[in-house]
Amino acid sequence: MDLQVLIKNIQTLRLNDSDAALKNIASSEKYLQQAYEGRYLFELIQNVRDANKDKEVNSIGSVYIELKENVLIVSNTGAAFNEKGINSITTIGDSPKDSQEFIGFKGIGFKSVYEISEKPKVVTEWGSIVFDKEATKLLLLNRNFSDREIPLFFIPHYSSDKLSVADVQNGIVTQIQLPLKQQINIESIIKAFEVVGVHQLLLLGHLKKIKFSHNDSISEFEITEDKNTGKVKIKKNTDEFNFKHFKPSNKIAIPKSIIDKLEDKEKEIYEKDPFVDISLVFDLDEKGRILKAEKSKLYLFYPTEISSGFGFIIHSYFIVNPERKALRNSLLNNFLLESIADFLSTEWLAQAKKQHRNSFIDLWFLKEIRKLQF
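Residue 12 is where the sequence shown starts when you use my numbering, and the numbers rise one by one after that.
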């Protein structure tokens, strides 16, 4: 890929947009940064997950996060950037992800790095994609723009900086460099990683290691999954957490009558693949017994702000708002919730009794299921 030519073509095309359009895009970028506040590390991690989920790669990769000399560096294995990926991170609502199994919401998540960096840089084997308002300002000299009206991501720039030989040999395909804003405290970056908990990583899949290092301090997640038993183990430094997935024996088929009423992008995705997963995830103790989790949420990989009312995680491909915090008013969501209730009160009940009989005797399970049955 000739990255320099590609970036130049993108610049030429987008500089032809009207002043009003560019100013509106700048405003939208800022809004998205605020909407995703505090989530930039998780968004970068999930982008790596999606790269590894790509059907041409379908691998299990690692993420290496390093805080060094006021620069946050995120390196990863997985699928390398291509033209579609570049369009995704530079625009709003133009994601190349064409399956419900990909997490990213229309290229929006990457904009969250605006919270901590005004000059993000994506380094690849072909050179670098640089986002810099000052450089864009030079391209808009003859036009009436204030600094806040200049978009950061929409007009990318090229740098010849490439991944090092050592990075390539270690399987690194992309490195995101985020020089920190002056007002950003190093401790806030460390805290942001600490907020990324085991339950947030639990449902991602396609990742085996996430490592954060700063000076002599290292924090590391190691993730292993047994697809035959549905058990997942996450080791965070010296602590170990165990979980169990329960899924229907067959994927849930979405009726055509519901698919026909979805919005264009969702409709296109589900017309290609009308089947979705439902997953119930339970915490396990050290003896493999089911535990009740407090204040469990509905999940679309990342927890929404909606409490399920149950003592376990409920995950499915819900239609959510761009911030992924709330469910949208959608026939698909209604169908998924009904399907979850059906699974809980029938097949899951039989699975749980058979596989975790001792845990299941605990009356809270019976109490929760009776809510669905009566």
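The beta-carbon is built from N, C-alpha and C at its ideal position, and this holds for glycine as well. Since this is a predicted model, take the numbers as computed values, not measurements.
With DSSP as the reference, please indicate the residues paired to residue i in a beta bridge.
{"i": "residue 254", "result": "243 and 294"}
{"i": "residue 188", "result": "84 and 132"}
{"i": "residue 264", "result": "286"}
{"i": "residue 72", "result": "218"}
{"i": "residue 230", "result": "223"}
{"i": "residue 235", "result": "244"}
{"i": "residue 10", "result": "The question about residue 10 has no answer, for the chain in this structure spans 12 to 385."}
{"i": "residue 48", "result": "Looking at the DSSP assignment, residue 48 forms no beta bridge with any residue, so it has no partner."}
{"i": "residue 326", "result": "290 and 310"}
{"i": "residue 301", "result": "295"}
{"i": "residue 276", "result": "BP columns for residue 276 are empty, so no partner."}
{"i": "residue 78", "result": "83 and 225"}
{"i": "residue 331", "result": "338"}
Exposed or buried, residue i, counting other C-beta atoms within 10 Å across all chains shown (16 or more means buried)?
{"i": "residue 24", "result": "exposed"}
{"i": "residue 79", "result": "exposed"}
{"i": "residue 54", "result": "buried"}
{"i": "residue 128", "result": "buried"}
{"i": "residue 31", "result": "exposed"}
{"i": "residue 188", "result": "buried"}
{"i": "residue 337", "result": "exposed"}
{"i": "residue 159", "result": "exposed"}
{"i": "residue 108", "result": "Note that residue 108 scores a pLDDT of 45, beneath 50, so its modelled location is shaky and nothing firm can be said."}
{"i": "residue 131", "result": "buried"}
{"i": "residue 320", "result": "exposed"}
{"i": "residue 235", "result": "exposed"}
{"i": "residue 181", "result": "exposed"}
{"i": "residue 239", "result": "exposed"}
{"i": "residue 390", "result": "What the structure shows of the chain is the stretch from 12 to 385, and residue 390 is not part of that stretch, so it cannot be assessed."}
{"i": "residue 74", "result": "buried"}
{"i": "residue 280", "result": "buried"}
Just how far apart, CA to CA, sit residue i and residue j?
{"i": "residue 237", "j": "residue 325", "result": "19 Å"}
{"i": "residue 414", "j": "residue 216", "result": "Any answer about residue 414 is impossible in this case: the structure gives the chain only from 12 up to 385."}
{"i": "residue 77", "j": "residue 37", "result": "29 Å"}
{"i": "residue 225", "j": "residue 214", "result": "26 Å"}
{"i": "residue 177", "j": "residue 162", "result": "34 Å"}
{"i": "residue 307", "j": "residue 291", "result": "11 Å"}
{"i": "residue 231", "j": "residue 61", "result": "20 Å"}
{"i": "residue 184", "j": "residue 91", "result": "5 Å"}
{"i": "residue 39", "j": "residue 148", "result": "18 Å"}
{"i": "residue 139", "j": "residue 155", "result": "29 Å"}
{"i": "residue 300", "j": "residue 59", "result": "32 Å"}
{"i": "residue 95", "j": "residue 157", "result": "30 Å"}
{"i": "residue 219", "j": "residue 241", "result": "16 Å"}
{"i": "residue 270", "j": "residue 311", "result": "19 Å"}
{"i": "residue 268", "j": "residue 261", "result": "20 Å"}
{"i": "residue 247", "j": "residue 265", "result": "37 Å"}
{"i": "residue 16", "j": "residue 122", "result": "23 Å"}
{"i": "residue 243", "j": "residue 253", "result": "6 Å"}
{"i": "residue 81", "j": "residue 192", "result": "9 Å"}
{"i": "residue 146", "j": "residue 274", "result": "37 Å"}
{"i": "residue 304", "j": "residue 323", "result": "6 Å"}
{"i": "residue 344", "j": "residue 99", "result": "26 Å"}
{"i": "residue 51", "j": "residue 103", "result": "16 Å"}
{"i": "residue 19", "j": "residue 317", "result": "44 Å"}
{"i": "residue 135", "j": "residue 153", "result": "32 Å"}
{"i": "residue 101", "j": "residue 298", "result": "48 Å"}
{"i": "residue 194", "j": "residue 56", "result": "24 Å"}
Using beta carbons (cut-off 9 Å, strictly below), is residue i in contact with chain D?
{"i": "residue 135", "result": "In summary, chain D is missing from the structure at hand, where a single protein chain is found."}
*Can you find at least 3 beta carbon pairs, one from the region 159 to 167 and one from the region 188 to 202, that sit closer than 8 Å?*
no
*Can you give, in chain order, each stretch of the alpha helix (DSSP H) that sits fully within the region 131 to 205 and has at least 4 residues?*
144 to 150 and 176 to 180
*Taking the runs of the alpha helix (DSSP H) that are 4 residues or longer, which of them lie wholly in the region 333 to 373?*
342 to 356, 358 to 366 and 368 to 371
*Any chance the region 353 to 362 sits against the region 253 to 260, with 3 or more Cβ pairs inside 8 Å?*
yes
*Decide if the region 42 to 56 is in contact with the region 327 to 338; the criterion is three or more beta carbon pairs, one per stretch, under 8 Å apart.*
yes
*Report yes or no: do three or more beta-carbon pairs, one from the region 347 to 356 and one from the region 271 to 289, lie closer than 8 Å?*
Yes, they touch.
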